[in-house]
Structures are given as C-alpha cells and as structure tokens.
Amino acid sequence: MGIEVPMIVVTLFWAAIGGLGPFLVPRNTDRGLVRTMLVLTAVCCYMFWLVAYLCQLNPLFGPRMDAKVLIAMQREWS
Amino acid sequence: MKRFCGPTLSTCGIIMSVWGIIQLAIMGALFHVRSVNLVEDVSVSEEDFALHPDLVDSAYKQQAYNCWVCAGIYVLLLALSAQQMWLNIKPKPYIAA
Amino acid sequence: MGSLFRSQEMTLCQLFLQSEAAYACVSELGELGLVQFRDLNPDVNAFQRKFVNEIRRCDEMERILRFLDKEVRKDGIPILETGENPEAPQPREMIDLEATFEKLENEMREINANSEALKRNYLELTELKHILRKTQNFFDEMQHDSNPIRQDEDANLLQPSLSAEGPSEVHASSLKLGFVAGVILRERIPAFERMLWRVCRGNVFLRHTEIESPLEDPHTGNEVFKSVFIIFFQGDQLKNRVRKICEAFRATLYPCPETPTERREMAFGVMTRIEDLTTVLGQTQDHRHRVLVAAAKNINIWFLKVHKIKAIYHTLNLFNLDVTQKCLIGECWCPVVDLDRIRLSLRRGTELSGAAVPSILNRMDTAEVPPTYNKTNKFTSAYQNIVDAYGVANYREVNPAPFTVITFPFLFAVMFGDLGHGLVMAFLALFLVWKENWIMSRKIEGEIFGTIFGGRYIIFLMGLFSIYTGIIYNDVFSKSINIFGSRWTANRSVYDFQHHHPKEGDAFQMDPILDYRNTSGPYPFGIDPAWMLADNKISFINSFKMKMSVILGVMQMMFGIVLSCFNHVFFGRMINVFCEFIPQVLFLACLFGYLVVLIFYKWVNFTAYESGCAPSLLIGLINMFLFKYQDNPPNNKDGTPCLLNQFYSAQKSFQSFLVLLALFCVPWMLCIKPFIMYRRWKAAHNSVPLHNVVDENGHAEGPVKADHAHGGGHDDHGGGNGDHFDTGNVIIYQAIHTIEFCLGIISNTASYLRLWALSLAHAQLSEVLWTMVMKFSFSINGWGGIPLLFFLFMAWAGLTLAILVAMEGMSAFLHALRLHWVEFQNKFYGGQGYPFQPFSFSSMLDAKPADD
C-alpha cells in the first residue's frame, strides 16, 4: 500500500459524502439542514484525517520504546 | 427471590455488567493473541521478556482466562440485576397513601 | 438553504374580530400557536381591562380545582392522565363549569365538615372508652393493695394528728379523695407531672398509662399517641388547681363515675355509641371517596379548560375596542408563510361562533423590528437553544444553529476523542433517543436529567464524532489498536535482545530513516499504534494536536467571516463587503492562513533525511513579523542553528509582502468606510438639503433600517441621521471594530489551542486512570487475579463514567460552547434580536407546571 491508496480511498469516501450526498437527500422540509450537515461532516472529518495522515508522512524523529515493548513488537508485529 | 435493590441500583448493575461482559471478553481475546498494546499490563520483568518467552506467553494466557472468567461473573451479575429490575418494574398493588 | 438558515420572515398584521366571534377565533389561534399578540392598551391598568370579570371567574374556578386536587391527593386517589387535549370551551359552557365546580366544592366542604364533626365525636368517645377501661384498672389495683399501704401511712404519718378522731374518721377521710380523669398527649406527660407536683406541693397522686393504639386527630388527620391519666386529690382548692393545670396542658377531662357499676354502665353506653358512629363514619367516607373518584377522572381536563379560557381572556384584554363596540381590533406578529393557516383557523373560529361578519386579517407596514422566529424540531431545538443562550439572532440574520449541529459535536469530539468513551456516550444517548416517548410520558423530574434529556441528540452526535476522532487518535480507554499494521519495525541488530539483555528502564529511540517503512506510506487511518506505546508519545502527539488546533481554528474563523458576507449581501450593505469582509479575509489569510499552508508544506516537504534541520514554524512565524531573515541560509552540516532555515527560496520577499498586505488591511478597515459614508451623506445633503432620511449605510429595505435604530447599530454604526453627520462617533465605532477584529484574530487563534490542551488532558487522564486502576488488576499472575479484576474493573468503569465521560465531557462541552459563542460567532453574529413568543396553548401548558 503506497502513500496514494489510502489518500485516494479516504478522499473519495468523504468527497462522496460531502459532494454526492447532498443531491441524494430526499425532498422534505429539512433538506437544507441535512445537506449542511453532510457537507460539514465531510469537511470536518476529512480535514481531521488529513492532518493525522500528513503529520506522519515524513516523521522527523522516531518513537522511543521500552525494551519490553520492542521485544513484543518484534515478536508480534513482524 | 426477594427484591433487595431499587430501580437505580439495578439499572446501574445492568449497565455495568453489560459493559463488563463486552469489554472483558474483548480484552480476554486481546490477551489471548498477545496484544502488544497490553504488554505494559502483563507483569513480567524486562529480563524474562528477553530470555523466557514461554513465561510471557503463560502470563498472557493467564490474564486472558482471568478476563473471560470475570466476564462470566459479570454475566451472573447481569442476570441478577435483570431479575431485580424485573421485580422493580412489575406493577405493585395499589396502596392508599 | 434550509429553513433554519435565516429566521422566518415576519409580518405585522391587524386583526378585526367581531365581538361574538373573537373568543372562538382567539381559541383557534391558541391551538395553532403561530401568532404573537401585541398589547394595544399598555397604559391600561390590569383591573380596568374589558374582560377582568371573566378572568376573575376563571381564578375562582382554578381555586376550586386546586382545592379538589388537594383533596384527591390527600385520599391517594390516582388522577387520570389521558393526555387528552380538550378544545377551549365556549363562553356559555363556562357557566356550566362554574356551576359544576361550585356544587362539587359545596358538597366537598359539607362532607368534610360532617366528617370532621363525626371524627371529633368519635375521638372523644374512644378516649372516654379508654379512660373507663384504664381507670377501672387503677381502681382495681387500689382496691387490692391500697389497704395495707393506707394503714401503714395512717400509722406512720397521720397517727399523731388524727389519733383523737379515731380510725373510722381516717377511713372516712380517705373516701373523700376526689379525682379527675382525662387524656393527654403522651409527650406532655413528664412536664405535666412535674408541674402538678410543684403546684400542688406533692399533695396529689397521679397515675397514668399509655393508650397503645394511636388516635386520629380529626382536624389534621395525623395519628397522635395519648395517655390516660387519673389524679387523686383532696379538697376543692386542689381540684381547681388541678383542673387549671389540665387546661393549660390541653388535657381533655372526662366525667368518670365513682362507682364501678356506674362505670360499667357508662362503658357499655359508650361502646354502642362508638359502633353507631363507625357505621356513619364509614358511610361518609364512602360518599367522599365516590365524589372524589368521580372528580379525579375529570380534574385534569377541567384544569386544561380553565387555563385555556383564562389565556383567551388574557389575550382578548390585549385587544382594542373599536368605536362602535362591535368589533375587537388586535395587532399581531406572524410568520408570512403561515398566513394562510392563520386565515383558515380564523375562518373556522368565525364559523364556530356563527358570526355573520368574517374576521379580517390585514398585513401592515411597520418600522418596528419583527421578532426572530426559527422553526425548530426536536432535533434542532437543542442547538437553537445553545445559540439563543448567547443571544437571539437579529431579525433575518444568518443563524449559526444549522452549522453548530455538526461543528459543535465535532469540536467537542476533538477534545474528547476516545473510541471507548465515545461509544459509552453514544450508547447512553441512543438509549435516551430510543426511549424518548416513554421517558417523556414518565415526566421524570430533576433539572440535570432534564438538561441531559433535552440534549440527547447533541450528546448522541458528540458520541459519534468522539468515536471517529478516537479512531484517528488511536485511543480506546488510553489503549490503541493496530488494524493496518504499524509502520515502525524494530528489526535492526541494535534491537537484538537475545544477545545483549535489556535492563530495567532501558529505552531505545527508533530511527525515522532505518526503522520506518516509508515506501508503504504512513499508517493509513489515524495515528500509528507504535506512537501510543512510545515514551516520547507526548512530544509527537503535542506537535500533531497543536497544528491540528490551529488548522481547524483558522478554518472555522474563515467560515465565520464568510458567513458575515452572506449577512452583508442579504441586507444590501455592499459597503461592508468591500470595507470589512474583503480586508478581514485578507488579514486572516495573510497571517494565519499562510501559517496553515506552511504547516502542510512542512509536513509534505521535509523528510527525515534533512531531519535535524527542518525550519521551525513558530520561530519562522515570529521572524516573519519581525522581518528577520538569515541572509546566507546555513549549510546543514556546519552546525548553524537550523531553526532559521528558510522554507523555500523566495520566502523573504513573499512573507514580507504578506505582512505588508495584512498591515495595509488595517487602515483599509479603519478609514475607508467612514470616508465613503461621509461622502454619501454629503452628496445626499447637497442635492436634497431637507431630505433627512438618507440611507448612509446603503441600506435597501425598511426593516433593516429599523433594525439599525433598534439594535443601536451592532454591525455598522449609522453615524449621522439626517442633517448632522457625527464624524467622531462613526470613526470611534469603526476603530473599535477594527481593533477588536485584528486583535481578535490573533487571540482567537491562540484560543483554539484549547482543542489541543483539552484533548491532551483527556488522553492523559484516561491513561492515568488505566495505569492506576486497571493495570493493577493484572498484577497477579494466577487465578487470584479474578476477584481483583472483578472489583477493580467495576471501580475503573465507575470512575471512567464519572470522571472521564461525565466531568471531562462537561468541560469539553463548555469549551466547545465557548469556541462557538466567542471565536466563531463574533465574526458574523449580531445576536441582538428578540424571540418570537406566540400565543400557544401547548407551550403555555408545558410551562405551567414549572410555575406551580
């Protein structure tokens, strides 16, 4: 999985919710409200994910671990 | 069985035990697969960690079983609370004040 | 845009109601609840209005109903809650109601009086019965053992003085002892005894015994415990004293015959009378019960009806009578979209009353500001309340509530972010939402519960967003989950622990180049779980959360400024678009918008290879304001401080341009608008010197102008009205506005850092709770850990609920509230309007229980 795949998947997901969602809202009195909610949700959640994703793109320093954790990581995650 | 706790306490009991069952069952599973995130919680020294993997494994297993047994106890607590709740919401005979 | 975006368009209407139809029409309008009446006789005293009499009658009916209600409650008869909503009765029905109530009241009072008399009688008889029974015991005891004592006493004490008269005299004197018997409250006995002793100097003999069964006080209906007493004394003087003391202690004295046969006869008589009384009492009680049960069935409906009648007459009192006395004239605010519905109910009211002339509703033009009316439903009302708690929106200005629906729970969740806590919160709120009809029908009292229940939809959304942010933060009760596989691996030989054994407290810093699988990209969703296990987790998380706070804050503030543009355009204040909106956007974008761009640029552009030498954002920002730049960018290797490195080559000139542009925005905001206003005023003044309704601010519509006059110019202060231009006022207002904005941008950006601080505090607190409580429960490596785990889990869950979900949730809620009220809304929100309070039976009846 490269850098692009999650980027594209998440972007498309929130774009679909924020971009297509408003057009699929059934026509009733609260249509405007639901549209606003969809767009704002998409914007907020996407920004939040993007910030978390990009800040890990090029880490400038690494985590410092206890030996215990490192051993467990070696055994379980490798 | 007799009613010995009121509606609030039995509601608390139900919430607590549902939570306990779910979380302890999940945590048992996590201990069982030796989750790295729970490594701080297993009481095995640094040295044993490096040298005696079997000790670590058995500690993880033990905690997993503990969690599951505990979840089982919470199932009993849930049954008890539910029964008390049922007694509480059962319509009472009309008493003139 | 939805209906909530701006408040409803309102119009002032004049209402002509025929006298006969007025009552029915107002009743229909009350059911509809869309009309706010204005008081047309504000200077008329409440007692001089037309329908005072009717209101007084309603008050009387309410009094009777309250009396009946009290009686029903006293008997513990359940009141029927049908949830039925009867129409307001016709005026002629009011007489029937009055008659019914009066009859009921009289009946009740009669029954009560009777039963009280009967009960008093019963009490007296019962006491008498007890006296007879107990005194019998006293006398019996005396008979048995008085002789030896008496003889002893006689021998020892009376002998010297009485020896001359002989023993027969002694016997005679002992027979002359008088006595009184009575009943007294049990708790008064000791004082009573002491008093008797002191007053009579020990010359009386008191015997008392308790009546075991409680007696009913006929007046209050309470149960009281009493004692029977009998006092022996000698002589009339003592008798008087004793009687007086008995009176003072509210003891009831009863005649008690001296001879046993008389006593027996009397006791027999008393018993029969008691039996008779019991039957009569039972019948009275039955009758009372029947009457009350019948009343309890209807009492709520009656209450509703009377409240409605009273409300209608109160409303009619706001109306004016026209000269011919045939017609009532009222004025009301109503939403334009609902005019048809209002007309329809007016027509229905006219038909119901059978009036010949239809009621008329005329729209009126007015210079007054209409009330602000936002149509809400059960989902949006809580958010609208949040906004209204700060200030009710000006008429037709942009309402922040529809945006708050999402941004509020989102900002809350940024501070509260934890998957576990979010789940708990969402499930609790979901339960409230799921059971809302049941809970509403239960009418549970309690302010705290009411608040939580009212905000159940907000809390539910807060829970959902907390789940999302919790996943991004990778935080579940301070633990993390590794779904996609951590990107950090410890595979190098440095970490070969088989060969060099680690000691307690050994820690190893991973290398961002060698240990990071950069080719596969970062952890795809949220923070890498490796960070959550690290010692230096805080320094990474802090950097992430701080930057995130600034980014979210700048975005929300920018959004607020954009909304202000909607207001300017809607109200036709184009001057504000050019003299306020555009420089404001530029100011924010040049300073903090640029910072946001730099943050992203730094993340994307600087890799670990030039790691130690990535330029610092904070120092870069400070230097940007100070125009301080390193002339020769230092080489990474030569040891110069890398903080002063440049982000990109043309940084100096570009940043200088941005700062200068931002600085230029200040005089732009400050001076241009007053200048243009002055020019316009002068032009208008010169062309039409006497025309004094010039619209300096480019106001296009009547209501807007009125708003202006009313609200004291919250947004753009109208300087001169007419032939006088108050330059100083305008300039001072504009200066305050500009300074507030410019300083506000800086301080508000700093204020958004609370997002970081609060979320850090929350995460730390939950970690502390886990290590202090939960971790401890795994410390026993054996089956003994089970009871420990059982109890510690309960403690941990309880503390999690109380501290992390409830208290921390409250604090995050308040901070989110502040971010919305201050940082977001001060960019566009006037909040100087007044709420629309329609005449509505349903809202009136909802509010009623709170008053009582």
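Chains as they are written, first to last, in our numbering: chain A, 879 to 956; chain B, 614 to 710; chain C, 593 to 1444.
Yeah, the Cβ is synthetic: ideal placement off N, Cα and C, and Gly gets one too.
Contact check for Leu596(C) and Leu935(A): beta-carbon distance about 39 angstroms, past the 8 angstroms limit, so the pair fails to qualify. The Cβ atoms of Phe1158(C) and Val990(C) lie closer than 8 angstroms to each other.
In the three-state reduction of the DSSP assignment, Ser1371(C) falls in the coil class, being assigned neither a helical nor a strand state.
Residue contact with chain B for Gly946(C): absent (no Cβ-Cβ distance below 8 angstroms to any residue of chain B). At a cut-off of 8 angstroms between beta carbons, Cys680(B) contacts chain C.
Residues of the stretch 648–662 of chain B that bring their beta carbon within less than 7 angstroms of a beta carbon in chain A comprise Val649, Val652, Glu659 and Phe662, in sequence order. In this structure the stretch 917–926 of chain C touches the stretch 627–642 of chain C; the number of beta carbon pairs closer than 8 angstroms is three or more.
A straight-line Cα-Cα distance of about 13 angstroms links Gln610(C) and Val915(C). Residue Arg988(C) holds the alpha-carbon nearest to the alpha-carbon of Glu601(C) among Ala903(C), Arg988(C) and Met1007(C).
Between Glu867(C) and Lys711(C) a beta carbon distance of about 15 angstroms is seen, past the 8 angstroms cut, so the two are scored as non-contacting. Shown here, Gln1417(C) sits in a helix according to DSSP, grouped into three states. Setting aside the 5 residues that flank it on each side, Leu717(C) is surrounded in the same chain by Val862, Arg865, Ile866 and Leu869, each with a C-beta closer than 8 angstroms to its C-beta; the list follows chain order. The beta carbon of Met943(A) does not come within 8 angstroms of any beta carbon belonging to chain B, so the residue lies off that interface.
With respect to chain C, the C-beta atom of Ile702(B) has no partner C-beta closer than 8 angstroms. Looking at the backbone, the Cα of Asp1120(C) and that of Val631(B) are separated by about 30 angstroms.
Distances from the CA of Glu663(C) to each of Gly1055(C), Lys695(C) and Met700(C) were compared; the closest alpha carbon is that of Met700(C). By the criterion of a C-beta distance shorter than 8 angstroms, Trp927(A) is surrounded in its chain by Val888 and Trp892, once the five residues flanking it on both sides are discounted.
Comparing C-alpha distances from Asn729(C) to each of Gln1243(C), Leu624(C) and Pro852(C) shows the shortest one belongs to Pro852(C).
For the pair Trp955(A) and Gly1118(C), the CB atoms are not nearer than the 8 angstroms cut-off. In its chain, beyond the 5 residues on either side, Leu1347, Trp1348, Ser1351 and Leu1352 have a beta carbon closer than 8 angstroms to the beta carbon of Lys1137(C).
Buried is the label assigned to Ser1058(C), since at least 16 other Cβ atoms lie within 10 Å of its Cβ. Around Ile1378(C), the beta-carbon contacts reaching into chain B at under 8 angstroms are Asn679, Val682, Cys683 and Ile686.
In terms of Cβ geometry, Gly774(C) and Phe821(C) form a close pair [threshold 8 angstroms]. Distance check between Glu673(C) and each of Ala903(C), Asn892(C) and Lys721(C) places Asn892(C) closest, using alpha-carbon atoms only. Contact fails between the stretch 1029–1049 of chain C and the stretch 1061–1069 of chain C, because fewer than three Cβ pairs, one in each stretch, are under 8 angstroms apart. The Cβ-Cβ distance between Pro1430(C) and Thr964(C) does not fall below 8 angstroms. Here the alpha carbon of Leu908(C) sits roughly 48 angstroms from the alpha carbon of Gln1148(C). DSSP places Gly922(C) within a strand segment (E or B) once states are collapsed to three. Restricting attention to alpha helix (DSSP H) runs no shorter than 4 residues, the stretch 900–946 of chain C encloses them at 931–945, ordered along the chain. Residue-level contact check: Lys1035(C) does not touch chain B, since none of the beta carbons of chain B fall below 8 angstroms from its beta carbon. Shown in chain order are the members of the stretch 1122–1137 of chain C whose Cβ falls below 8 angstroms from a Cβ of chain B: Met1124 and Leu1125. For the 8 angstroms CB-CB criterion, Ile1153(C) and Phe1173(C) form a contact.
Excluding residues up to 5 positions away in sequence, Leu657 lie with their Cβ nearer than 7 angstroms to the Cβ of Phe895(C) in the same chain.
Within the stretch 1380–1401 of chain C, those residues whose Cβ lies closer than 8 angstroms to any Cβ of chain B are, in chain order, Leu1381, Phe1382, Phe1385, Met1386, Ala1389 and Gly1390. Per DSSP, the beta bridge partners of Pro1427(C) are Thr964(C).
According to DSSP, Cys605(C) shares a beta bridge with Cys924(C) and Arg955(C).
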